[in-house]
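Trainee: Following the working numbering, the residues of the sequence shown are numbered contiguously, the last one being 292. Where a beta carbon is used, it is the ideal one built from N, C-alpha and C, also for glycine.
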Amino acid sequence: MSEQPPDDSGHRPSQPRRTGVRRLHHTFHRSPAGRGWRRGSEFELMHRALGFAALGFLTLVPLLIVVAAADPVNRHGFAQWLAEGLGVSATSRDEVLDLFAPPRRSLETTTAFGLATLALFGLTFCGVVQTGYEKVWELPPGRWHTVWRHLVWLIVLIGYLLLSSHLGPGPTRVAVAVVATVLFFWWSQRLLLGGRISWGALLPGALATGVGLWGLRIFSRLVFSPLIASSAVSYGPVGTVLVVQSWLVGVGFVVFGGALVGRLLHEEYLRLVTWRRKRRRLERSGDA
5 MSEQPPDDSG HRPSQPRRTG VRRLHHTFHR SPAGRGWRRG SEFELMHRAL
55 GFAALGFLTL VPLLIVVAAA DPVNRHGFAQ WLAEGLGVSA TSRDEVLDLF
105 APPRRSLETT TAFGLATLAL FGLTFCGVVQ TGYEKVWELP PGRWHTVWRH
155 LVWLIVLIGY LLLSSHLGPG PTRVAVAVVA TVLFFWWSQR LLLGGRISWG
205 ALLPGALATG VGLWGLRIFS RLVFSPLIAS SAVSYGPVGT VLVVQSWLVG
255 VGFVVFGGAL VGRLLHEEYL RLVTWRRKRR RLERSGDA
């Protein structure tokens, strides 16, 4: 074995230190965190989150603007939905409200053909979410005749957003919002995956998504809220659009990342169950 050359100080590098670093790297590589890191890299999580945000802003947001304008209970429109989702302050809320047209104008300028086109674009966004879930679980793409699932998911998504916008402030709103979010994403995975993954395997992903979205709301209040105000002063409405787009990237990261974390947790649970069964068998064989 060749001897390591000395460094500038005349000392040779410590072999035990290198061995310790390799051992630490090997331990992380085999740990659940290491497996999750590799899974996220192979899945290209940030790339898919960017696609989620771009397509959602181009296809889903216009449809939601019209739906929010037609809401008979809450007449504030999509801008109010978005401001509540971001959890921004009063100053930043005004910037978001100024970014979108008033609800009455949105309804007056929308035709039946335009609404049908927006719904068609919304179905394209649903296909992106389904593809992401299929990549998470390494499943083949769904067949063309399952497109009806996209329509059902889009309708329920709009209902979920309507419910969220009608909740009053207080602890009850927080509890209902968390439960509704977990149930929605639990059901969404089951529907878009065509029932190919069991309910039990999908529950950790729904829980992780719910926790992640609630954490994103807190992050938005601390970071995006002041950023909207400063960006509006520096860049005008374009600055607000950039912040909203960044928030949508965060939503996509949480939606797909929560599904990845859920699969990892499910697999670790199965590993633990298998290990316990093997241990019990060894103990029984030892006693015998």
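If we call anything under 8 Å between Cβ atoms a contact, is F82 one with A74?
Mentor: Counted from its first residue, the sequence shown places residue 82 at position 78. Counted from its first residue, the sequence shown places residue 74 at position 70. Going by C-beta atoms, F82 is not nearer than 8 Å to A74.
Trainee: Assign F104 to one of three DSSP states: helix, strand, or coil.
Mentor: Along the sequence shown, read from residue 1 onward, the residue named residue 104 stands at position 100. Three-state result, F104: coil.
Trainee: Would you grab the beta carbon distance between R42 and F260 for me? Rounded to a whole angstrom, and I think it's under 8 Å.
Mentor: Mapped onto the sequence shown, residue 42 falls at position 38. Mapped onto the sequence shown, residue 260 falls at position 256. That belief does not hold up - the Cβ atoms of R42 and F260 are roughly 16 Å apart, past 8 Å.
Trainee: By DSSP, does G91 sit in helix, in strand, or in coil?
Mentor: The count along the sequence shown starts at 1 and reaches residue 91 at position 87. Reduced to three states, the DSSP call for G91 is coil.
Trainee: Give the C-beta separation of F129 and L59 to the nearest angstrom, bearing in mind that I take them to be a contact with Cβ-Cβ under 8 Å.
Mentor: In the sequence shown, residue 129 corresponds to position 125, counting from 1. In the sequence shown, residue 59 corresponds to position 55, counting from 1. F129 to L59, Cβ: 5 Å. Contact.
Trainee: In whole angstroms, what is the alpha-carbon distance linking L122 and V277?
Mentor: Indexing the sequence shown from 1 puts residue 122 at position 118. Indexing the sequence shown from 1 puts residue 277 at position 273. The straight-line gap from Cα to Cα measures roughly 47 Å.
Trainee: Verify whether the separation of the beta carbon atoms of G256 and F56 is less than 8 Å.
Mentor: Position 252 of the sequence shown, counted from the start, is the residue given in the question as residue 256. Position 52 of the sequence shown, counted from the start, is the residue given in the question as residue 56. Between G256 and F56, the C-beta spacing is below 8 Å.
Trainee: On the CB-based measure, 16 or more other CB atoms within 10 Å of its CB, does G240 come out buried or exposed?
Mentor: Numbered from 1 along the sequence shown, position 236 holds the residue referred to as residue 240. So G240 counts as exposed.
Trainee: Verify whether the separation of the beta carbon atoms of E48 and I232 is less than 8 Å.
Mentor: Along the sequence shown, one-based indexing puts residue 48 at 44. Along the sequence shown, one-based indexing puts residue 232 at 228. No, Cβ-Cβ distance for E48 and I232 is not below 8 Å.
Trainee: With distances taken from CA atoms, which of V133, F188, R200 is nearest L143?
Mentor: Here the question's residue 143 lines up with position 139 in the sequence shown. Checked all of V133, F188, R200; the closest Cα to L143 is R200.
Trainee: According to DSSP, is V156 part of a helix, a strand, or is it coil?
Mentor: Locating residue 156 in the sequence shown gives position 152, where the first residue counts as 1. Helix at V156.
Trainee: How big is the Cα-Cα spacing for E7 and S45?
Mentor: The count along the sequence shown starts at 1 and reaches residue 7 at position 3. The count along the sequence shown starts at 1 and reaches residue 45 at position 41. Note that E7 scores a pLDDT of 49, beneath 50, so its modelled location is shaky and nothing firm can be said.
Trainee: For Q134 and L226, which I take to be in contact (beta-carbon distance under 8 Å), what is that distance rounded to the nearest angstrom?
Mentor: Counting from 1 along the sequence shown, the entry for residue 134 is found at position 130. Counting from 1 along the sequence shown, the entry for residue 226 is found at position 222. Approximately 32 Å separates the beta-carbon atoms of Q134 and L226; this is outside 8 Å, ruling out the contact.
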